[in-house]
Structure formats: structure tokens, C-alpha cells
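Order-wise, the sequence lines are chains A and B. Using my numbering, the first residue of the first sequence is number 1, and each one after it goes up by one. Using my numbering, the first residue of the second sequence is number 489, and each one after it goes up by one. Backbone N, C-alpha and C define an ideal beta-carbon position, used for all residues, glycine too.
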Amino acid sequence: MKETRLTMKNSSTSLFGKRVDRRKVLKGTAATGIGLGAASSAFAVPNILAQEKAPVVFWTTHTATGFEALTQIGEDFNAQSDAYTVEVVQRPPADVTDSSSLITAVRGGEGPDVYLLDRFIVAERAAQGLLQDLTEFMEAAGDNPDLTDRYVPFAAAEAVYNGAPYALPFDTDVRMLFYNRRMMEEAGIDVSGWAPENGPITLEEAAEKFNQLNVEEGDQYSQLGFVPYYSEGWHYTYGFLFGGEFFDWENCQVTPDNENVLAGAQWVQDYAIANDVDKMYAFIQNAMRPGTPPTDNPFIQGRLGGFISGNWMFAQFRNYMGGGSATPAATPEGGGSYTADDVAYTLIPVPNEGDESATWAGGWSGVVPQGAKNPEGGYEFVRYLCGPEGSRTYTEMNNNLPVLTELTSDTELLGPDLTWVVENLFPTTNYRPPLPVGARYWDELTNAWESIYLNQATPEDAMAQVKQNVQSELDAGGYCPIENPVGE
Amino acid sequence: MALPTISTAEPAVAPRDQPPVNPTPRRLWDSPYRRSQFLTAMVFLAPWVIGLLAFIIYPIGYTVYLSFMRYGGFLEPEFIGLDNYTRMLNDGVFHQSLWNTLYYTFFAVPLGVVVAMALALAMNQPVREIGIYRVILYLPSVLPLFALSFIFWALLDPNAGIVNEFLRLFGLNPPNWFGNVHTAKPALVLMAQFGAGQIALVFLAGLKGIPDSLHEAAMLDGAGAMSRFFNITLPLMTPVILYDLILGISLGLQIFTQPFIITGGGPANSTNTLVFHIYNNAFRFGGNMGYASAMGVFLFVVTFLLAYVVFWTSNKWVHYDLS
């Protein structure tokens, strides 16, 4: 401190000559400080009021109706809570694996008390040390730390890392095949056997019928029947469909080179080659850009016969195509452009006759990050958000699939579309392995997937590269062994 | 412009408290006058020095420290020696991103010199409405990079993009620029040229600094336009070109915005650059802050070496005077 004062003295005299001396500077500073202090106390909220309810800061990257529903849940929580008041803060959306805004805020001591995190990276953020283990909060609140007690199994598994719950599951999204029934029937294609009650059709039949819709104009496609990798046609989708596994828990090895995973990738590559790789990609590329509006979806535009996507599309079809609800075996009516009534959905087609269809789901979850200023209040809100009250509001306002078992059986709440998903798809729903390298695994698989469907690498070569990159990261992180969330 | 610096040399007029002749330089604290001068200088320098220490020196030091650690940003850093550096040897994406970055730098920077030179020559023409032309040529450089990225996405769209529509007029079969591993990097190189206006202004200033008398003398001797360009203009522009190369290399190696916005590093990692890979490891993949730091140190060394090589060769081709 001595040096500081010396500097101050010299600088004030040197800078301002003899006109301003140190005493004057100090006097002026003190007066300003006292003035500001008085002003701030005059405008401050009385302490007793401000501390009546402790604030809980909740961050989400959700937008549009999702954000509106979350805001409503926040208001409902505040109305019923005597101890806490939650503030719902919208953060700029980013790729789901990109947590940079949360990471930097927590590091800077300005992180939220609650964050809505994509569930498949909960294990990764937990291993990184970003999230708080919820066990103690759950025990204090009288909740069972075994999440399978209240949540559907595939959602519960993703919220656990090495045996400890780091999140509460919020909602889910399941993949299925959507097709434009009227477009196909108008082209003279018989899809009467595609109704889900007949069981899944084969990929061969789907390809043969969809390809009849392909229309070329000049050297480009103006309409396509099916683009296997569009929307939710991911590596995981075809991997699970062909019976593949992506992680060997016993040996702590990623297995993108599993023979069934490779078989799925090979099918997609063959399909793309048969329909001209570059022309197909040129048709779909714009719609695959991150952040494209739903109106850029060629299926919604009536230029694509079918695609694999998730249950959130039900609402999008109604909002962007008009018409009522898409239903299994919807009956086509009327003419002109297509509406949601023309859309039908069914199980994802299978490799061989008689195979069981398979799908997978992800979803969001509530977490309490490290450094939360009010972790108890944070858990209290997560519990509300992911409990029956919050989940019900979210389903009602945003038409999302809940994961609380007490709500998944409520057919009145779910309506016919979501009830169909719960009854027909939940039993065969897989989840991505919750790993400390889950985001890297996803990104590497996605890069390999691009090489595969663009026919720039064989599935074997592309997936061998994935294995090398991800396994070396897993080994370098010293994470092994990792506990299988559903046991052996 | 010469910046004021602290000098230990004698002031031009010796103050009263110093003897008029003193062969050995005196230390700062020898007289109250020097102390006061030094402290005044320090006060003026303080904002910059504090900024330098807090935002440049400390992060560099911390990055080097973290590069030897296993660290994800939250738990205690764990010393792992050179593991993060040896890991680069086995990381296929790192190799790919390094290749992409070098490819981009080696093509975009020299091409940028040619384009900027052409723009500068165009901006230097003795026509009355030159002001308007200069504004038009410079305008693309005013756009922020992220806006330019979106514009390029639209221009190079395989179906509706104006570039491909134009090429089809001539019966060509244009590529899917950002969607093909063979054309995505060249597309980024072409895109970089839209920022050439910035450096063209520097080149223009350089061109203005070449005395007209040289050109006039050469014309009297019968030199044509090409001959004058290669024998007078270009040699005298070499100091400015050197400046552009050094700047271009350091900026080119840091390319991030375009892959982040347009391609997401794809297709198939063909536009995944080193800084994008560093960003992904630091903020997307858990637990890799240490590894990202090691790659940051590596990038610093590569930048330094390339700049050094350019400087080292510069005495062979840079001409600082008219002799």
C-alpha cells in the first residue's frame, strides 16, 4: 500500500502541477463516495423485502413456444413457493453440445442455479466437474435417488454418471418414419400395408416405393422420395436399427466399428449412391444447415416423400402445413397443397422381414451447475420443473413427450399421436451411451457419417477413424472404468 | 509516427540538479526529477501495461501451464507431463485441421496479395470519379466476417445460388461448393478475397509513396506499363507486401468464423481448422481444456516459425529504398 500512495502523490503533483494537491484529490474522492453511497441507499429496496424469497436463476437456450412454456412453469413455481423466486433467462441458442456460455459463466462466478442441458451430455459435463451431484439434495427433499423409480428407463439412464444422479430428466423425443401418404397415393403407390399395426415394413420396400417419387428437372432433383440421412437419419438411428451397439461397458471401449453399426451405414451409403450422391445432397443440403426454419424442410414444402424425424414434428406439421393432426393411416381428403392431414407416420422400416423395429430418444434435463449461488433453491426448481406440475404444463403448451411415468400413461394429456408413440415406440427406444466423451463421440460419428453418405469413405475406414479419435480421448481422460447406468 | 518511449539517454537540456557532463548513464532513481518523470510515464502507460499483463501475458502463461495438465475447467488440474503434446501425434482430427489451416493460409494469403494489389492499382487510376470506385471496391471489407459468411452461403448455394446459376448459363456443371470435400476449402479461400479491400488501402498508400518522377523517367526511356510495374512499382511495394504477408499469415492461421458459421467444420472435417478444433476441445468436449491449451501453444509456435521464415527471406526480396 505504501508504494501505491507514493505513486498517487507523485502522479497528482506531476500530472496536474501545483493546482491540485493530494489532499484535494482525496477530499474530492471521499465526497463523491459519500454522495454515491447516500444516493444508492436512498433508492435501494428495503432489505427485508428483497430477502423474503431467495432468487433462483434458471438459464435455457429454448426459444419460441418452448421458452413460453418454461416461462409459464417459472411463474407457476413462484406462485406456489414461499422460499424461492425463479428468474427464467433465455440464453442465445447454440449447438446442443456447445456449452461455452455456461462453462465461461460458471468459471467467472456468474453461472446460473439451474440449467436446462441436453441429457446425452450430462455424463460428460458431470465428469468434467461442471455439475453438482444431486444425491444429497434429493435425500434432503425425500426423493428417491434411483431415477428409474419415477422416470422411464432410457431417460433415467442418461441422467446418471458413475452411479450418481446429476440431472432430472425433463422430456424426450422419439424417432419414427413420416411419409406423405397423399403424395404417394396420387403417384399410384400402394402404402396400405404401411400402417403400424401391420408391423414394420422392410427398408427394401420403403426404398423401392419412395424412389418412384423421384423427379428430375435439368440436372437436379426437384422432388425426392426419401433422403435416408436427412433430419434424424443419424448414425445412431441406423446403428440401433440394425442391432448395433456403440459402447462396450465391460472393456470400456467405444464400438463405432460394431458390425451391425457398419451394416446400417453401408445401407445408407448404398442408397445414396443408387440415387446419385451429389445430386441428392444438393437437393437436401440447404435444409440440413443448422438453424434452418421449418419452412425450409422439403417435406413440409411437399417436395419430399418421407423422412425419419421425431415427435416434435407433429406440432410443426400443424403449424406449418395447416390441417389437423397427423395420425397413423391418415385418410387423405381434399386437393391442392399438402396439409398435416396428409402426413402419416409409422415404425422405422427394418433391414429384414420379421425384424423388430428400433428407435432412440434424447431429451432435456434440469441440472444444478457448480458455483450455483443458491443450489438448494436450484434443486427445488429442478424438482418442480421435472416433476408432474412442470412436465404437465410443458406437455400441454409445447406438445412434448414427458418422461415421468405417472404422465406417460395419461392418454388425455398426451392426445392420440403422443399416446401412439408411448405405446408403440417406448418399448424399443434406445439411448446414446452416456459417456464422458459423449459430445466428441457424437461429433466424430457425425463427421464420419458425412463421409459415408457423401461416399467419400467406406463405413469401415470412417468408423475406424472415429474409434481411434474417441477412444484416445477416453483413455487420455483417465475415465475408465465407467459404470453402466443400467447395470450389467 | 514515432511513439514516445522511456529513454535512459540524457535529455537534450540537462536539468539543474544534474551535472552538465556525465559520461555514464544514471539510474532512474538518482534524482527526484527523474523519479517524477518515470512515475508520470508509468501513470500514462499503466492502462496499457495492466491490459497487456492481464489479458495477454497472464493468459499466455496460464495456457502454457495448462498445456501440461489434465484439466476440464473445473476440477483440480493434474500434471501429466507432455501427454497433451504427444496426444496431438495420434489425433487424426488434429492432423486434418492442421492441414486445412495450412492449406487455407498458403493459398488465401498469397492470392490476397495479388487481389489487393489489383484493387490498389484500380483505386489509383487518375480518373475523376475515383472516389466512388474506391468506396465500391472497399465496401465488402466493411462487412463483419459473420455477415459475409451468411452472404457467401447464399451466393454459393448449390441450387439457388447466383454463382452456380451464372455458371450454368455457360452449360457448366457447377460444384456444390461448401458441400464437397474438394471444393469447400477453395471456396473459403475465394471468400477470403472479399476482405482484400482492407489491405488494398495499405497498398494504395504504398503506391502513393512511389515518386512519379521514377515512372516518368522510365517512360522517357521507353519502358511500357508492364515493365514499369515489375521494375519500379513492385520492388518498391515489397515492404508493404512483407507487412501484409506477416499479418495475413497470423490471421490466416487463426481462421475460425467461416467454418463455425458456414460449414461446422464439414463436410467430413474438410474445413475443420486448428482454432475451430481448439474451440471444440475447450468448450464442447468435456475435460479437454489442457489439450486445447497444448494445441494453442503449438499454433503459437507454428505462427512464430512461419513469420520468422518470411522475415528471414525478406532481405532477399524486400527493397527498403530507391537504391
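When you compare the CB positions of Thr428 of chain A and Ser357 of chain A, do they come within less than 9 Å of one another, or not?
yes
Three or more C-beta pairs closer than 8 Å, one from the segment 742 to 756 of chain B and one from the segment 568 to 577 of chain B: is that the case here?
no
Check Ile308 of chain A in the structure and name its three-state DSSP category.
strand
Give the interface partners of Arg558 of chain B over in chain A, defined as CB-CB distance under 8 Å, in chain order.
In chain order: Ala476, Gly477 and Gly478.
I'd like to check one pair, Ala141 of chain A with Tyr151 of chain A: are the Cβ atoms closer than 9 Å?
no
For Leu131 of chain A, which beta-bridge partners are listed by DSSP?
Looking at the DSSP assignment, Leu131 of chain A forms a beta bridge with A:Pro369.
Using a beta-carbon distance below 9 Å, is Ser451 of chain A in contact with chain B?
yes
From what residue to what residue does the alpha helix (DSSP H) around Ala464 of chain A run?
Pro459 to Ala476
Is there a Cβ of chain B sitting closer than 9 Å to that of Val215 of chain A, yes or no?
no
Using only alpha-carbon positions, find the residue among B:Gln686, B:Gly775 and B:Pro723 that is nearest to Leu697 of chain B.
Before going on, a small fix: residue 697 of chain B reads as Gly here, not Leu. Nearest of B:Gln686, B:Gly775 and B:Pro723 to Gly697 of chain B, Cα basis: B:Pro723.
With the cut-off set at 9 Å, would you say Leu577 of chain B and Gly778 of chain B are in Cβ contact?
Result no, Cβ atoms of Leu577 of chain B and Gly778 of chain B do not sit closer than 9 Å.
Taking beta-carbon pairs under 7 Å, can you tell me which members of the segment 644 to 673 of chain B lie near chain A?
Asp645, Pro646, Asn647, Asn661, Asn664, Gly667 and Val669
Counting contacts by CB-CB distance shorter than 9 Å, is Gln465 of chain A in contact with chain B?
yes
Just by C-beta distance, which residues in the segment 70 to 103 of chain A are closer than 7 Å to chain B?
Thr97, Asp98, Ser99, Ser100 and Ile103
Please report the straight-line C-alpha distance between Gly667 of chain B and Trp449 of chain A, rounded to a whole angstrom.
Roughly 14 Å between the two C-alpha positions.
Are the beta-carbon atoms belonging to Tyr384 of chain A and Ala69 of chain A less than 9 Å from one another?
no
Among B:Leu633, B:Phe567, B:Val677 and B:Glu617, which residue has its Cα nearest to the Cα of Phe594 of chain B?
B:Val677
On a Cα-Cα basis, can you pick out the residue from B:Phe532, B:Ser781, B:Val581 and B:Pro598 that is closest to Val798 of chain B?
B:Pro598
Tell me the DSSP bridge mates of Val160 of chain A?
A:Pro165
Just verifying my parser: in three-state terms, what is the DSSP assignment at Val656 of chain B?
Correcting the residue identity first, residue 656 of chain B is Arg in this sequence and not Val. Arg656 of chain B: helix per DSSP, three-state reduction.
If the criterion is Cβ atoms closer than 9 Å, does the pair Gly323 of chain A and Thr346 of chain A meet it?
Cβ distance not < 9 Å, so Gly323 of chain A and Thr346 of chain A don't count as in contact.
Going along chain A in order, which residues have a C-beta closer than 7 Å to the C-beta of Asp518 of chain B?
None at all; the shortest Cβ gap to chain A is about 16 Å.
Return the residues of the segment 279 to 297 of chain A that lie within a Cβ-Cβ distance of less than 7 Å from chain B, sorted by chain order.
Tyr281, Ala282, Gln285, Asn286 and Pro290
Since Thr148 of chain A is in the alpha helix (DSSP H), which residue starts that stretch and which ends it?
Here Thr148 of chain A belongs to no alpha helix (DSSP H), and DSSP marks it neither H nor E.
When DSSP builds the beta bridges, which residues end up paired with Pro510 of chain A?
Given a span of 1 to 488 for chain A in the structure shown, any question on residue 510 of chain A remains unanswerable.
Judging by CA-CA distance, which residue of B:Pro747, B:Arg772 and B:Glu704 is the nearest neighbour of Leu636 of chain B?
B:Pro747
Report yes if the C-beta distance between Pro434 of chain A and Gly775 of chain B is below 9 Å; otherwise report no.
no
Apart from the five residues on each side of it in sequence, which residues of its chain come closer than 6 Å, Cβ to Cβ, to Gly33 of chain A?
In this prediction, Gly33 of chain A scores a pLDDT of 49, lower than 50, which makes its location untrustworthy; no coordinate-derived value is stated.
Give the DSSP-derived three-state secondary structure of Tyr808 of chain B in the structure shown.
Looking at Tyr808 of chain B - three-state DSSP - the assignment turns out to be coil, as it is neither helix nor strand.
DSSP puts Gly362 of chain A in a beta bridge; with which residues?
Checking the DSSP bridge columns, you'll see Gly362 of chain A partnered with A:Asp173.
Is Phe773 of chain B near the ligand FAD, judged by its Cβ being under 8 Å from some heavy atom?
This structure lacks the ligand FAD; in fact it carries no ligand of any kind.
Please tell me whether Glu68 of chain A has its Cβ less than 9 Å away from any Cβ of chain B.
no
Return the first residue and the last residue of the beta strand (DSSP E) that Phe226 of chain A is part of.
Gln220 to Phe226
Using a Cβ cut-off of 9 Å, which residues of the segment 402 to 414 of chain A contact any Cβ in chain B, in chain order?
Listed by position along the chain: nothing, the set is empty.
Where does Thr496 of chain B land, buried or exposed, given buried means 16+ other C-beta within 10 angstroms?
Here Thr496 of chain B scores only 48 on pLDDT, less than 50, and its place in the model is too uncertain to base an answer on.
In chain B, which residues lie less than 9 Å from Leu130 of chain A when you measure between Cβ atoms?
Gly560, Gly561, Phe562 and Gly774, listed in chain order.
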